[in-house]
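I have placed the structure first, in the form of structure tokens, so that the comments after it can refer back to it.
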Amino acid sequence: MMICFAMLIRSAILVLLLPWHIQALTYEEAGVLDFTVATAGHGPMKPNSLAALVKTECVLTSDAGAEMQGSSCYVACRSLQDGSLKWRRNVCSSIRDDRFNVLYEPINERLFSIDSSSIIRCWGANDGSLLWEQPLPQDEGWTSLKANNEGEAIQVASKSKVHVFDASNGDFLSQRAGGISVNMRRPELSLDCRGQHTSLDLSCTKIATNQGDLVDLGLAPDDQADDLRLLVCQDDSSATLLVTTVRGVSVIASCTTSSCKIGWTAHEGLSSVSQAILLDSSHKLKHNQVNNLLHFKSRLTSQWNRISSFSALAETETNNHLFGFIKSALLLSSTSHAVYGMDTIGEHRAQVSFVVNLPNDSGTKHVMVHGAANGPRGTHGIQGGTLSKQVLIVSHSADQLHWNCIDGTTGYTLSSKANVHLSSPIVQILPVSTSSSSDECQQSAMVVLKDGSVLAAPDSEQVVKAIGATLSLTQNGFYTHAIDREKALFETFWISSLDSKLIPTGSTSFINERIVHVAHPMRDEVISSPSVAVGDDSLLLKYINPHLMVIVTARNDSMTTNKLKASLALEAAAGEGSGKQSRKPLGVTVDDGSAASTIPDEPNLYVNIVDSVSGRVLYRISHANAVANPRPAVAISENWIYYTFSNAKTRRAELGVLSLYEGMIDSKGLTAFTASDQSQVFSSLDARESKPLVLAKMYSLARPITAIGVTMTHRGISNHRLVLAGADGQLYNIDRKTVDPRRPVGDLKEAEKKEGLVQYSEYIPMISFLSLSYNQTIENVTGIITAPTDLESQSLILAFGGPDLFFSRTSPSRGFDLLPASFSRPLLSILVVGLLLVLVIVKHRVSRKIRLSGWA
Amino acid sequence: MATDTIKAFVSLFYILMAGSLVSANGVAAGVIHGRLQYPDKRPFMESAHISLNHDEQHTYSRSDGSFTFFNVKPGVHVVDVHDQLYHFSQIKCQFLEESMDKPTCIEYIFPGSHKLETTHPLVVNALASIEYFDAKRGFSILSIIKNPMVLMMLFSVGMMYFMPKMMEGMDPEEKAKFKQQMAMQSDPQRMIKEFFGDAAGGKDDTKTIPNK
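Chains A and B, in that order, give the protein sequences.
Using the working numbering, you'd call the opening residue of the first sequence number 745 and step up by one each time.
Using the working numbering, you'd call the opening residue of the second sequence number 34 and step up by one each time.
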């Protein structure tokens, strides 16, 4: 009977765990483990760019104006109340458009835009709906928009012509010679609203009212307001102001005659994130909170919180700490020259927790350094992860270096140094992790210069010592590489010491090609097994070379043009000779920057797998008819390489998958009495032995892909899932098995069935149920990073690069070690208590029955 | 009146001119017109993002569902409608230099499907609503019964109830034999010993329970 009850309890638990088997999200789960940050998309605003209030509801902004050209192509409307995005439109008609103008006409609440493809468009300012559009003669350089006083006509002007359209329906009305005179607005540092005077203070970080009160704008250090816009001026002299800053911060302020109140703040720099890191921020403390924790009261509070969390029904914060779910996102914006910290969980998730402003001189580039270079146990991945929360930010121009060491979870600057003179430009920055104490930064970097010298950043004695230890970590020495994109040159070097120059070890020049993308393996990926067991019990040995890199190159246009001319001449000659009609035209592509050749089947895109120690090309594959937009995306995970590009001929996105192996051990090759004849030593410099066996397959996708990521878990045991950012604004995830290059083309053999392989099918469906972003649009994603948690089943994903950020926690192999969010703890408790009651009653009745039968 | 007529004429001329534009490099450029609609012919009023050649050009549908691509060069072009709520066909249009105003178009209901011929100006139907979410599976008694563990448990409970009933109608000799078997099963060591004893042809030293 006891066994029976135990079975009943176990069954009840299993039934409660049934949601395990659900792969897709339920409606209720949407937004629980994921969030989206939607920005206006246009980045920092300029003094003459558009800023207007529509119907006292939303604030219309852009980086372009009626007489000032912008480059982002985005116009957006944020809610006046809370700053949430109401709508956003890419007003340019072509991917080639890099210039546009916009004009807001308030009488009829219409927005007009003209792009460099010479398309004039009219939009509804309330909802962003497209009302009408008209093409104009091209190459006129249309740069200026103007509406008449009643808003009935809109005129668009170039330097020599003016065209006038009916503003309501886009009908052409007239044209005349001459251009509109350009009246550039000067940035305002003070405004008047019916006698109410509001201005910026001298430091441009506070608003001063009529009565002289100063209201802080809450800007980070090194940021200041550069323009004041009066959005609305009420009869009672109360005004709504928009303050824009040089770092892309927009602040709404409501001012009356006596005071000013800050409404909301938006960080538009988040629309151009070029690098991101997910940092563990569990048990995060502000810098001055450490001492407070040692107080008796704090300890008592902490103990009480732990006790009370036992009875909590929902997922507690304690669990989030224990399971490693608490991460901070560090986001580096290239247009705002700033690093943003963002919580990914808790009540402040999706909010910017701190901003670190970086030097914003023109030509300055920034890199966030975190982790370590290749570990000595490099056979199972790079092992370059670190638990340190400190991040080194290196900003460099051609002759200057600045570094800034921050606590990546709080933004607190631990140490920094500016204006370090460089003898030549930087070609490589290598991370070095220093495990030490005190106030020294735990993250440092080796900075490799073009002239072959190496610098330490920070340049303290401790860091120099740590770099020396890193250089002598393995007996083979320390190697690095440099990529010259202009010359399409890949070079590798040996670094013997900080004091000596680099020693070249190899190089590869991609002649008549240009480098379009470079991908490295994930630094902290854990590889659970060095081999794969196949269906016939033999082993495939993974090629896990931590020095592997992928360089995607495209054929130079000049060469393509010459070949195209030759091809067309031949085709014309053949056509004349035979009198036959030429074949149907191929799909057309953009003229500039295209990787595509319109010569049929002429390779124009090359995927090169290179070794960053020897500088050799280990494997190279070519593709024809590839187009440059969207840019090919590449990801490396374990011994797999994934890449995508769009095909001009088939008009589809292609997904190439390469899996690399060292060799194979058959089913009887590794027993107690036999050993494998595989070499135990790997050297990148061994030209023959270092080459992998490569299996390759091409797949077709319905949508072009802009970025690829691969899920990463704590021990690398869970399935690996590809995360694909589609040009349609969706983030899909696909099981790696679906795109296995070992999928057989013919009928499946018994061993292949046993292994779970499926017959090859070119087309990979992108199923809406597998969309991580569900019905949200995540536009123009250019980067996807993943991070593990302390639970094997859970992986974190962050997509960035476009005007939207997306974060999610996902389960690549379902939540096998985690109770689902829908798990009903009260129901389980009731069930267990009920069963215990039944057990007591039954026991009592049975003993009574035995006693009675004994007396009978 | 006369001014209106002139304006209308100029406007018409402008629109016609847009129908077969000449691009900057002198190559004739065409125009793709289209309209999104629901299956019941109602115009698709939502603002859908529409791309030409994987976002080389893009536009949005207007409130009547219509959309236009200007400056289309000779070649094969693909039109995709990106809507998060409804699925639309993919359209490919071929523009030949000699007939830029009459493109030939084909429709793929989904990528990889059979092609269907379609006309220009395009009429693109919302074919289906896109489902992203699975239905929430709440607690139900039926789900408990469907669980194999519960089925096994119910079978065991049933056997516990029915076995004594079956024993009641059993012949006393059979019952004694059955009890003997059960007693042996409760002592696996003894059962194994007996089994190997039998296999070795050893003496059977088990005590038989006399029949009552």
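Idealized CB from N, CA, C, for every residue including glycine.
May I ask which residues mark the beginning and end of the alpha helix (DSSP H) holding residue i?
i: Asn1063 (chain A); result: 1061–1066
i: Ala1210 (chain A); result: 1205–1215
i: Ile1594 (chain A); result: 1569–1599
i: Gly191 (chain B); result: 181–201
Check whether the Cβ of residue i lies closer than 8 Å to any Cβ atom in chain B.
i: Cys817 (chain A); result: no
i: Ala1446 (chain A); result: yes
i: Asp1472 (chain A); result: yes
i: Asn834 (chain A); result: yes
i: Phe1618 (chain A); result: The requested residue 1618 (chain A) does not occur in the structure, where chain A is confined to residues 745 to 1600.
i: Arg1459 (chain A); result: no
i: Phe1560 (chain A); result: no
i: Tyr771 (chain A); result: yes
i: Pro1376 (chain A); result: no
i: Glu877 (chain A); result: yes
Which residues bound the beta strand (DSSP E) around residue i?
i: Gln214 (chain B); result: First-last for Gln214 (chain B): 205–218, but that is the alpha helix (DSSP H), not the beta strand (DSSP E).
i: Ala701 (chain A); result: Look at the range of chain A in this structure, 745 to 1600, and you will see that residue 701 (chain A) is not part of it.
i: Ala1200 (chain A); result: 1198–1201
i: Ala1495 (chain A); result: Per DSSP, Ala1495 (chain A) belongs to no beta strand (DSSP E); it is in the alpha helix (DSSP H), 1494–1499.
i: Ser1366 (chain A); result: 1361–1368
i: Met1456 (chain A); result: Segment: none, Met1456 (chain A) is in no beta strand (DSSP E) and carries neither H nor E.
i: Pro136 (chain B); result: 132–141
i: Met1408 (chain A); result: 1396–1409
i: Leu1540 (chain A); result: 1539–1544
Using the Cα positions of residue i and residue j, report the straight-line distance between them to the nearest angstrom.
i: Arg1360 (chain A); j: Leu1158 (chain A); result: 41 Å
i: Glu894 (chain A); j: Thr942 (chain A); result: 30 Å
i: Asn86 (chain B); j: Ala159 (chain B); result: 20 Å
i: Phe1069 (chain A); j: Ile1247 (chain A); result: 44 Å
i: Thr1450 (chain A); j: Thr1526 (chain A); result: 6 Å
i: Gly1400 (chain A); j: Pro1556 (chain A); result: 21 Å
i: Leu1023 (chain A); j: Gly956 (chain A); result: 43 Å
i: Asp1280 (chain A); j: Leu1475 (chain A); result: 36 Å
i: Leu1044 (chain A); j: Cys1185 (chain A); result: 33 Å
i: Lys135 (chain B); j: Lys106 (chain B); result: 13 Å
i: His66 (chain B); j: Leu149 (chain B); result: 18 Å
i: His1110 (chain A); j: Ile1380 (chain A); result: 24 Å
Just to confirm my understanding: we take residue i, look at its own chain, exclude 5 residues before and 5 after, and list those with CB closer than 6 Å. What are they?
i: Pro1274 (chain A); result: Lys1286
i: Arg68 (chain B); result: Gly98, Ser99, Val156
i: Ala964 (chain A); result: Val1099, Asn1101
i: Ser96 (chain B); result: Met78
i: Ser1358 (chain A); result: Gly1250, Ser1428, Leu1429
i: Thr984 (chain A); result: Leu975, Val976, Ser998
i: Phe195 (chain B); result: none
i: Trp1238 (chain A); result: Gly1221, Tyr1223, Ile1247, Thr1249
Could you name the residues of the same chain whose beta carbon sits closer than 7 Å to that of residue i, not counting the 5 residues immediately before and after it, in chain order?
i: Val917 (chain A); result: It should be noted that the sequence gives Leu, not Val, for residue 917 (chain A). Closer than 7 Å at the Cβ level, and outside the excluded window around Leu917 (chain A), lie Ala897, Val908, Phe909, Asp910.
Kindly indicate if chain A contains any beta-carbon less than 8 Å away from that of residue i.
i: Asn104 (chain B); result: yes
i: Arg3 (chain B); result: With chain B covering 34 to 245 only, the question about residue 3 (chain B) has no answer from this structure.
i: Asp167 (chain B); result: yes
i: Val111 (chain B); result: yes
i: Leu118 (chain B); result: yes
i: Pro154 (chain B); result: no
i: His87 (chain B); result: yes
i: Glu201 (chain B); result: no
i: Lys125 (chain B); result: yes
i: Gln90 (chain B); result: yes
i: Glu11 (chain B); result: Residue 11 (chain B) lies beyond the residue range present for chain B, which begins at 34 and ends at 245; the question has no answer from this structure.
i: Thr101 (chain B); result: yes
i: Pro332 (chain B); result: An answer regarding residue 332 (chain B) cannot be provided, because it is not within the stretch 34 to 245 covered by chain B.
Whose C-beta lies closer than 8 Å to the C-beta of residue i among residues of the same chain, with five residues either side of it excluded?
i: Leu797 (chain A); result: Val803, Leu804, Leu824, Leu975, Val976, Thr984
*Please specify which runs of the alpha helix (DSSP H), each continuous and at least 4 residues long, are wholly inside the segment 1061–1144 of chain A, giving them in chain order.*
Contiguous alpha helix (DSSP H) elements confined to the segment 1061–1144 of chain A occur at 1061–1066, taking only those with 4 or more residues.
_Contained beta strand (DSSP E) runs [length at least 3] in the segment 870–920 of chain A, N- to C-terminal order_ = List check, beta strand (DSSP E) in window: 874–879, 888–891, 897–901, 905–910.
_For a minimum of 3 consecutive residues, which ranges assigned as the beta strand (DSSP E) are wholly contained in the segment 762–792 of chain A?_
Restricting attention to beta strand (DSSP E) runs no shorter than 3 residues, the segment 762–792 of chain A encloses them at 778–782, ordered along the chain.
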